[in-house]
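Trainee: Residue numbers (the numbering used here): 20 to 80.
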Amino acid sequence: MKMEKAILAAITTQSEKVTGSTAVFHCDTKEEMEAVAANLEAILDGIAHALSDRLYIIVKH
20 MKMEKAILAA ITTQSEKVTG STAVFHCDTK EEMEAVAANL EAILDGIAHA
70 LSDRLYIIVK H
């Protein structure tokens with residue numbers, strides 16, 4: 020089974036803004052958030068998208 024078009028993870032500095040069934044990574048700083056997003060992008064073979072300066076998502080297209 021091949022997964023297509025899914026949100027694999029969310030990375031945020033505002034944990035109260037993100038809920039749901041996807042993996043959520045909480046970071047203390049914007050720099051930490053960007054580093055985690057870059058690492059998860061490579062690990063999960065997805066694409067990181069910044070939805071705001073406090074929220075990234077990793078998606079599979």
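Even for Gly, the Cβ is constructed at its ideal location relative to N, Cα and C.
Would you tell me roughly how many angstroms separate the C-alpha atoms of Thr31 and Leu74, rounded to the nearest one?
Mentor: Their Cα atoms are separated by approximately 5 Å.
Trainee: Below 8 Å on the Cβ atoms is my guess for Val43 versus Ala56; work out the distance and round it to an integer in Å.
Mentor: Incorrect: roughly 12 Å between the Cβ atoms, too far for contact.
Trainee: Determine the direct distance from the alpha carbon of His68 to that of Ile76, and round the result to whole angstroms.
Mentor: For Ile76 and His68, the distance between alpha carbons rounds to 5 Å.
Trainee: Since Val37 is in the beta strand (DSSP E), which residue starts that stretch and which ends it?
Mentor: Per DSSP, Val37 belongs to no beta strand (DSSP E) and is neither H nor E.
Trainee: Please classify Ser21: does DSSP put it in a helix, a strand, or coil?
Mentor: Reading the sequence as shown, one finds Lys at residue 21 and not Ser. It is coil, neither helix nor strand.
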